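A.B. asks:
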Amino acid sequence: MNNEKLNIDKLFEDSLGDLRVEPQAGSWDKIVAGVEAASAGTNRKLWGWIAFSAASVAVLVYFLFFRSCSTTGAARNYAFKDRINIIETKSYVVKTKQNSFAKTATPKVVSQKSRNNYIRKNITPEKTTHNFNRKQTTTTNIVAVDGKTLGNNDINRNSTGTVIKHNAVEENINRAETVETLAKNDESRKTSIEEEATPAVNSNELTEKLSEEKSAINSPAPAPEITTGLEIEFGAGPAFVKSNIRQKIVYDNPLIEGVNSNSMTTAEGFIRVKYSVSGFYVKSGVGFSEFGGNTTFNVKTEMHDTSGGYASWILNRYWTYDTVGFYDDPMNPGVVYPVLSPTYHIDTIGSQWNSKDRLYYDKTTYDTRNRYRYIEIPLIVGYQHYFGRLNVYAGGGVGIGFMINATGKYFCDNELKDISRSNNPYNSHNLNYMINFGAAYSLSNKWNVFAGFNYKSNITSIIKPEYDSGIKYKATGFNLGLSYIIK
Amino acid sequence: MTFDDKLIELCKKGDRAAQEKLYKVYSPVMLGICLRYAKNRQEAEDVMQEGFIKVFTSISGFRGEGSFEGWIKRIMVNTSLNHYYKAKKTISDKNFDDIRETDIRNEDDELPQMRFSQIEMLEAIQQLPDGYKQVFNMYVFEKYKHREIADLLGISVNTSKSQLSKARNHLKNTLFKMEREKKQTD
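Just so you know, the protein sequences line up as chains A and B, in that order. Numbering of the first sequence is given in the working numbering, commencing with residue 2 and proceeding in unit increments. Numbering of the second sequence is given in the working numbering, commencing with residue 2 and proceeding in unit increments.
1. Per DSSP, which residues does Ala1/A bridge with? Please list them.
2. Report the rounded CA-to-CA distance for Asn459/A versus Lys473/A, giving the unit in angstroms.
3. Can you tell me which of the three DSSP states Asn138/B falls into?
4. Where Lys357/A and Tyr311/A are concerned, what is the direct C-alpha to C-alpha distance, given to the nearest angstrom?
5. Consider the Cβ of Gly42/A: report whether some Cβ of chain B lies at a distance smaller than 7 Å.
6. Where does the unbroken alpha helix (DSSP H) through Asn174/B begin, and where does it stop?
7. On the criterion of 16 or more Cβ atoms from any shown chain inside 10 Å, does Ala52/A qualify as buried, or is it exposed?
8. Let me know the secondary structure DSSP gives Met115/B once reduced to three states.
9. Taking only beta-carbon atoms, is Ser16/A less than 7 Å away from chain B?
10. Flag Thr58/B as yes if its beta-carbon sits less than 7 Å from any beta-carbon of chain A, otherwise no.
11. In three-state DSSP terms, what is Thr125/A?
12. Can you give me the Cβ contacts of Lys162/B inside the same chain, cut-off strictly under 7 Å, excluding the 5 residues immediately before and after it?
13. In the DSSP assignment, the beta strand (DSSP E) including Ile381/A goes from what residue to what residue?
14. If we count the other Cβ atoms within 10 Å of its Cβ and call it buried at 16 or more, is Arg273/A buried or exposed?
15. Does any residue of chain B have a CB that is nearer than 7 Å to the CB of Asn32/A?
16. Which residue marks the beginning of the alpha helix (DSSP H) containing Pro24/A, and which one marks its end?
17. Given that Glu46/B touches chain A, what residues does it touch there, using C-beta distances under 8 Å?
18. Using 10 angstroms around the beta-carbon of Ser16/A, count the other beta-carbons present and answer buried if the total reaches 16, otherwise exposed.
19. By the 10 Å Cβ neighbour count, where 16 or more other Cβ atoms means buried, how is Val336/A classified, buried or exposed?
20. In whole angstroms, give me the CA-to-CA distance for Gly286/A and Val158/B.
21. Under 7 Å between beta-carbons, which chain A residues line up against Lys173/B? List them in chain order, please.
22. Do you know how far the Cα of Pro24/A is from the Cα of Leu32/B?
23. For Gly453/A, does the count of other Cβ atoms within 10 angstroms reach 16, so buried, or fall short, so exposed?
24. Alpha carbon to alpha carbon, how far is Glu149/B from Tyr85/B?
25. From what residue to what residue does the beta strand (DSSP E) around Ile315/A run?
26. Could you give the first and the last residue of the continuous beta strand (DSSP E) run that contains Gln528/A?
27. Tell me the DSSP bridge mates of Ala237/A?
28. Along the chain, where does the beta strand (DSSP E) containing Ser285/A start, and where does it finish?
29. Between the alpha carbons of Asp99/B and Ile381/A, how many angstroms are there, rounded?
30. Looking at the structure shown, is Leu12/A part of a helix, part of a strand, or coil, going by DSSP?
31. Any beta carbon from chain B within less than 7 Å of Gly35/A's own beta carbon?
32. Would you call the CB atoms of Thr365/A and Val278/A closer than 7 Å?
33. Count the other CB atoms within 10 Å of the CB of Phe412/A; is the residue buried (16 or more) or exposed (fewer)?
34. Quick check on DSSP: helix, strand or coil for Ala407/A?
35. To the nearest whole angstrom, what separates the beta carbons of Asn424/A and Ile464/A, a pair I think is in contact under 8 Å?
36. If we define contact as Cβ-Cβ less than 7 Å, is Lys14/B a contact residue for chain A?
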């Protein structure tokens with residue numbers, strides 16, 4: 002058997018082991034086309050990955066670098082104001098040094114504001130150095146304060162960077178840190194890194210500049226414009242709910258009819274977190290919402306009035322005949338006929354009382370306030386535009402509602418039943434689309450007040466399929482609230 | 002540097018003429034391999050083309066370990082198997098066990114006496130159920146061990162062995178049948 006196995010294997014191997022078959026004529030062209038298509042596909046994948054990577058890097062840079070730059074306007078000016086207050090009595094001479102890749106730099110006298118920028122560069126050298134464009138670096142240090150030349154020791158020689166990076170550093174410094182660090186620097190910069198001939202400083206000129214800056218700073222701060230940032234919103238207000246339920250419904254049981262009021266007024270409220278990116282925002286959070294309606298169920302109960310009635314008897318009426326004599330027929334001698342006397346009888350066999358059954362309907366009215374309450378989690382995307390302190394916004398999204406409570410009555414199995422959490426015709430959750438728009442006004446750097454309209458409508462029915470007859474609810478709400486700028 | 006080495010180097014650089022040369026050298030052998038795994042000529046051509054596309058797009062990965070022909074053959078065999086499983090979607094012992102035993106008639110323990118042409122032998126293989134065909138080809142022509150076949154096809158070693166045995170019987174019966182038909186026509 003083994004030999005046989007080997008033989009058949011060998012038979013085929015010998016026959017087909019070196020099988021060579023020339024391909025069809027167009028085969029090579031197809032391969033070339035396939036190779037080119039595969040290369041193009043690889044390139045597409047490659048570019049796709051490059052694009053994806055670039056986008057990822059951009060997003061990462063954005064979140065790591067610019068995200069904290071959440072406000073412009075007033076907040077930044079306030080910080081600057083504080084810094085000015087600390088150092089306003091001093092004048093500074095700054096020496097700028099550039100490397101061989103850059104043009105020659107010259108020492109210069111700088112204004113208070115510029116001086117602050119220079120200081121800030123020096124405050125955070127560890128943050129700035131490793132990211133800088135090293136082809137063109139700038140070393141900036143204060144070499145004199147109030148006409149006194151500073152020493153060599155304390156100023157960081159590695160505090161280098163491009164202007165662009167400095168701006169970013171500036172944005173990364175929050176107000177408190179800046180004030181504190183500046184205060185320290187005022188103390189530490191009693192010495193300078195190198196001896197430098199201090200250019201003459203015109204103190205009058207400097208004082209003039211300072212007073213100009215100070216007056217500019219002391220003027221009312223412009224409203225903060227949220228370019229990127231996080232807010233938390235608290236809002237509440239009335240909501241007007243409408244449904245498409247028919248006004249009058251006669252149920253399967255003809256004795257029950259419902260009269261519906263298709264609208265109701267309720268309240269809604271929410272806490273949402275709003276994340277803004279440039280003009281766009283995304284909101285999500287938790288809200289309370291309510292759908293429902295007022296229905297009057299008219300239930301007729303069949304009633305019988307048997308108070309009236311009559312008695313009836315079963316009678317047997319019949320005649321009996323008694324023979325009272327005989328009559329001889331003269332025409333037929335010997336024939337005798339009896340003479341009969343009839344008696345009428347009425348016998349009572351039985352009697353009964355026949356009651357009267359008068360049918361009438363007892364009508365009971367139930368005024369029900371059906372309420373279906375939800376915890377709602379929205380996701381809203383929108384756009385906002387600033388007009389000074391005023392911010393106008395509009396957006397839309399979806400919200401998923403989780404039923405927390407339901408009250409009222411519903412018609413089931415030919416009877417009205419009370420709605421309870423465990424016994425109700427409603428789905429435990431539903432999906433709504435929502436549109437909101439409104440305006441917010443900046444009260445301060447941290448607080449806004451807003452007023453807006455919310456509109457929402459069911460995407461999925463709130464009613465279980467077995468009870469659903471295409472009923473949809475819509476709610477229009479008017480909200481007032483406050484928003485707090487987290488950052 | 003051998004002729005193959007030069008050709009491979011040029012192919013790695015994407016030289017179309019070198020690729021065509023390589024194709025002309027190896028395509029007859031590779032089509033022969035594909036024919037053994039395919040149901041028909043057209044399917045074998047498709048598989049071979051797909052295999053050569055893989056060869057040219059992944060030739061930069063060939064490090065010169067082992068023979069180049071062996072490398073291409075493996076690609077062709079794998080492409081043939083993938084081509085089958087793309088249609089079948091899943092690989093399991095069940096695919097192999099689905100073949101009905103009643104299809105196999107063990108008529109005779111001896112081999113047919115008549116000689117058969119390459120085309121007839123190829124037809125006999127192509128008539129094999131897919132599971133038998135794959136195991137038989139891999140074992141007899143590609144010299145894979147049962148363990149390797151089992152790993153490549155995702156089946157057990159015992160399944161591989163039983164499939165080979167059944168394939169042999171099937172082929173033997175096919176050859177006997179062909180022999181009888183030939184005798185009748187003569």
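Glycine included, each C-beta is placed from N, C-alpha and C at the ideal position. None of the values given here were measured: they were computed from a predicted structure.
C.D. replies: Taking the definition as stated:
1. Absent from the structure is residue 1/A, since the part of chain A shown begins at 2 and ends at 488.
2. 6 Å
3. helix
4. 8 Å
5. no
6. 158 to 186
7. exposed
8. coil
9. yes
10. yes
11. The pLDDT assigned to Thr125/A is 41, lower than 50, so where the model puts this residue is not dependable, and the model offers no usable value.
12. His147
13. 359 to 388
14. buried
15. Here the sequence assigns Ile to residue 32/A, which means Asn is not the residue at that position. Interface residue, yes.
16. Segment: none, Pro24/A is in no alpha helix (DSSP H) and carries neither H nor E.
17. Pro24, Gln25, Ser28
18. buried
19. exposed
20. 58 Å
21. Ile9
22. 7 Å
23. buried
24. 18 Å
25. 310 to 329
26. In this structure chain A extends from 2 to 488, so residue 528/A is not present and cannot be described.
27. Gly270/A, Leu481/A
28. 281 to 306
29. Legend: pLDDT at Asp99/B = 48, less than 50; position of this residue unreliable, value from coordinates given subsequently. Roughly 55 Å separates the two Cα atoms.
30. helix
31. yes
32. no
33. buried
34. strand
35. Contact flag wrong, Cβ pair sits at about 14 Å.
36. no
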